[in-house]
Structures are given as C-alpha cells and as structure tokens.
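The opening position of the sequence shown corresponds to residue 20 in this note's numbering, with each subsequent residue numbered one higher. Beneath this line is the structure, given in structure tokens, with notes to follow.
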Amino acid sequence: MREKRHPGGAAALRLTPLNRLASLKLKAAGVSEHPVVLPVFQLMSWGLADCACLVHEETADELVQLVWQPDQRAALDYLLANVPGGATAFQRRLLRMPPRAAARALLGAFDLRLRSDPRNPFP
Numbered sequence: 020m021r022e023k024r025h026p027g028g029a030a031a032l033r034l035t036p037l038n039r040l041a042s043l044k045l046k047a048a049g050v051s052e053h054p055v056v057l058p059v060f061q062l063m064s065w066g067l068a069d070c071a072c073l074v075h076e077e078t079a080d081e082l083v084q085l086v087w088q089p090d091q092r093a094a095l096d097y098l099l100a101n102v103p104g105g106a107t108a109f110q111r112r113l114l115r116m117p118p119r120a121a122a123r124a125l126l127g128a129f130d131l132r133l134r135s136d137p138r139n140p141f142p
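See the structure below:
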C-alpha cells in the first residue's frame, strides 16, 4: 500500500534519511516541524523565502504541488530520481551544509529535475 497524505501514513516517510536530515536542519534553523508536510518539503519551502537561485520560474508553484501530492512516496521518489552523484552522496553533502544552504541545494536539485523532465508529473 502506498503512503497517502495523512499524519499517520507519512510516519514511515519521516524516518527516511533525507527527511531525518531535513528535520535536523529545520531544528537547527529554529523552525518548528509541520505536522503534515514532510520535513524535506518544509525545508525547501522555508528556503524559498530568500532564494534567488531558481532557474525554472515555476519551481515554487511546482513545489507546492509536490508538497500536497497525495502519494508522498512518489513525490519523494520524483525529487531524488537522477540526482547527480546519487541520493546517498547528495544527502552526505547536505549534512555538512547549514540549513539555508541545504534548502537551496534541495531547491536546485528540484529545479534541475523539473527542467530535465519534459513529462513533469506535477503540472
């Protein structure tokens, strides 16, 4: 069964390495975790506040759609698919970054993913 959008169903997804890392970054930044939104998507949204690094002009709109996608497993898989160097190496790089830089790196990876996918599944 796929994880759906509700607080109990996302519990397993919150335990993935990327979400645990994002949770630590949010805590370091003094940001309270949202009870429903996965930490990785909350960190990315928080990073949008002062990020002028968006190459794809619709990245912010696409992020909102990704955050509220009913199948959050598919949303996470979409974000991590084809990350340069692989997901594990990307997460190691994020671990060494301060919260704002980690948020920007996630947004950059998402923007790259959007631009490389002509069949963007989150229109």
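Note that CB positions come from ideal geometry on N, CA and C, so glycine has one too.
By the 10 Å Cβ neighbour count, where 16 or more other Cβ atoms means buried, how is N101 classified, buried or exposed? What you label residue 101 is simply residue 82 of the sequence shown in a count that begins at 1. Per the 10 Å Cβ criterion, exposed.
Pull up the distance between the alpha-carbon of L98 and that of A128, whole angstroms please. As a first step, residue 98 is located in the sequence shown; it is residue number 79 there, counting from the start. As a first step, residue 128 is located in the sequence shown; it is residue number 109 there, counting from the start. When rounded, the distance between both Cα atoms is 8 Å.
Reference T107; option with closest CA among R138, A31 and N38: Numbered from 1 along the sequence shown, position 88 holds the residue referred to as residue 107. Out of R138, A31 and N38, the CA that lies nearest to the CA of T107 is found in N38.
Assuming L126 and L40 make a contact with CB atoms under 8 Å, what is their CB distance in whole Å? Residue 126 sits at position 107 when you count from the first residue of the sequence shown. Residue 40 sits at position 21 when you count from the first residue of the sequence shown. The pair is not a contact, with the Cβ atoms about 15 Å apart (cut-off 8 Å).
What is the DSSP secondary structure of L82, reduced to helix, strand or coil? As a working mapping, residue 82 is identified with position 63 in the sequence shown. Helix, per DSSP.
Residues in its own chain within less than 7 Å of M63 by CB, not counting five upstream and five downstream? Numbered from its first residue, the sequence shown carries residue 63 at position 44. Apart from the 5 residues on each side of it in sequence, M63 sits with its Cβ closer than 7 Å to the Cβ of L82, A122, L125, L126 and F129 in its chain, given in chain order.
Just to confirm my understanding: we take L45, look at its own chain, exclude 5 residues before and 5 after, and list those with CB closer than 8 Å. What are they? Stepping through the sequence shown from its first residue, residue 45 is reached at position 26. In chain order, S51, E52, P58, Q61, L62, W65 and P118 place their CB closer than 8 Å to the CB of L45, counting only its own chain and leaving out the 5 sequence neighbours on each side.
Since L32 and Q91 should fall inside the 8 Å C-beta cutoff, what is the C-beta to C-beta distance between them, to a whole number of angstroms? Here residue 32 refers to the residue found at position 13 of the sequence shown. Here residue 91 refers to the residue found at position 72 of the sequence shown. The pair is a contact, with the Cβ atoms about 6 Å apart (cut-off 8 Å).
Using a Cβ-Cβ cutoff of less than 7 Å, which residues in the same chain neighbour P36 once the five nearest sequence positions on both sides are dropped? As a position in the sequence shown, residue 36 is number 17, starting the count at 1. Apart from the 5 residues on each side of it in sequence, P36 sits with its Cβ closer than 7 Å to the Cβ of Q110 in its chain, given in chain order.
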